[in-house]
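So the structure is just underneath, and the comments pick up after that.
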Amino acid sequence: MKKIIILTAIVFAIIPHFVSAQFGYGKVSEIEELKTRKLIVIIEEPKDKVIKKITKKKHEDKIPVYKAAINEYNAKMKQVAEKFWTFSKNGIEYKTYQEVDELRKAKNKDYAILYCLSGEMSDIHSGFDESSGLNWTWNTEDDAEDRDYFDGFTEMKVSLLEDMKSIPIMYTVLPDIFPTVTSLVLGMQTLQTYMDIRVRQKKDGEDISQREYMNNSIKKNNHDLAGKTLLIREDMLSKKLDKSKIADAYPYKFEIVNKEKLDSIVFNTNTNYIYAMVMPAVNSGTRTNSVYYFQAAIGAGNGEYYGLSMPNIAATIFSAGIAGHGKKYVEEKNLQDFVKGKTL
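If you count by the working numbering, then the sequence shown holds residues -19 to 324, one letter each, in order.
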């Protein structure tokens, strides 16, 4: 397990990271190098650690379910990569983590890599610990069944092959711990948008930041809320909200959907819809070591932001987390913030 440390200076420095749940470290020269290389997308294999956890909890009957979920994830990852990864155009290969690590050890520099890893905030040091793949649980309805799973998160990373075990060009935290199609699409869109902004800043001298990009996106798109249907995933909807209360907070068209329907609409880039998403972000420093959550309204057709609802991050950090970490659900306030077109 790998230890990752994120240092936080002052609130103004970290707010852009929370906004997009992303952290970029790569130089523009590395981003440009990535463009010239073939991309390896890392696919999953069943992990001994997960199988041991399932066995320890006496759910051996779920091991075939876990293995089937891995196969399904790999199929979805391939479909999404083939359609949504456009930043580099030199072909895509698919390999396991161990196969890619062997290439790294051989000092191969022909590839860039895209992959997902699960992690958890550390209780004993600043930063978080990463595994070499994805975590999984057998019951997504009861977080008491598997606290280790629900206290964690999953990142999507992009890096040059030789940097696989060090600092990536960029990573973003995904909405789902075990990624759905929507999470994979959103992750790839976020990574590519970030790299595009970095190149535009450096090469074209464009005066734009991640924060400005987000604000401009909301200002451009927010007025279109009235003409689109907002999709709210049923498992992300606060139990305090029913259709009547949603209508009171959100005066436009909306629909409560399951994961499968949302995945289909997002994958097919249906421009008639936007979707509400709970976005995790990680922060680690001397005062706090936590996962935070904000809510966003995102265009199914373009991956752009139409609305944003943020927790009081500054108060949270400077109160050592006492002020709250945001909610894991879509609530009335979030819908109201979307309508108001709040920016940073």
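The beta-carbon is built from N, C-alpha and C at its ideal position, and this holds for glycine as well.
- A Cβ-Cβ distance of about 10 Å is found for the pair residue 253 and residue 277, leaving them out of contact under the 8 Å criterion.
- Shown here, residue 120 sits in coil according to DSSP, grouped into three states, outside any helix or strand.
- In its chain, beyond the 5 residues on either side, 47 and 50 have a beta carbon closer than 6 Å to the beta carbon of residue 26.
- Within the region 217 to 295, the runs of beta strand (DSSP E) that reach at least 3 residues and sit entirely inside it are, in chain order, 234 to 237, 253 to 264, 269 to 279 and 285 to 289.
- Per DSSP, residue 60 is not a residue of any beta strand (DSSP E); the alpha helix (DSSP H) it occupies stretches across 43 to 64.
- In the pairwise beta carbon analysis, the region 120 to 129 is classified as not touching the region 60 to 68: fewer than three pairs are separated by under 8 Å.
- Within the DSSP bridge table, the entry for residue 97 names 135 as partners.
- Here residue 213 carries a strand assignment [DSSP, helix/strand/coil].
- For residue 177, the secondary structure class from DSSP, reduced to helix, strand or coil, is helix.
- Per DSSP, the unbroken alpha helix (DSSP H) holding residue 8 starts and ends at 8 to 16.
- Residue 164 sits in a helix when the DSSP states are folded into three classes.
- DSSP lists 23 as the beta-bridge partner residues of residue 76.
- Assignment of beta-bridge partners to residue 141 by DSSP yields no partner.
- For residue 310, DSSP records a beta bridge to 217.
- No residue range can be given for residue 186, since it is assigned to no alpha helix (DSSP H) and is classified by DSSP as neither H nor E.
- Listed as beta-bridge partners of residue 91 by DSSP are 18.
- Going by C-alpha positions, residue 230 is about 44 Å away from residue 77.
- For residue 128, the enclosing alpha helix (DSSP H) begins and ends at 127 to 130.
- Across the set 287, 12 and 52, the C-alpha of 52 shows the shortest separation from the C-alpha of residue 160.
- By the beta-carbon neighbour count (other beta carbons within 10 angstroms, threshold 16), residue 314 is buried.
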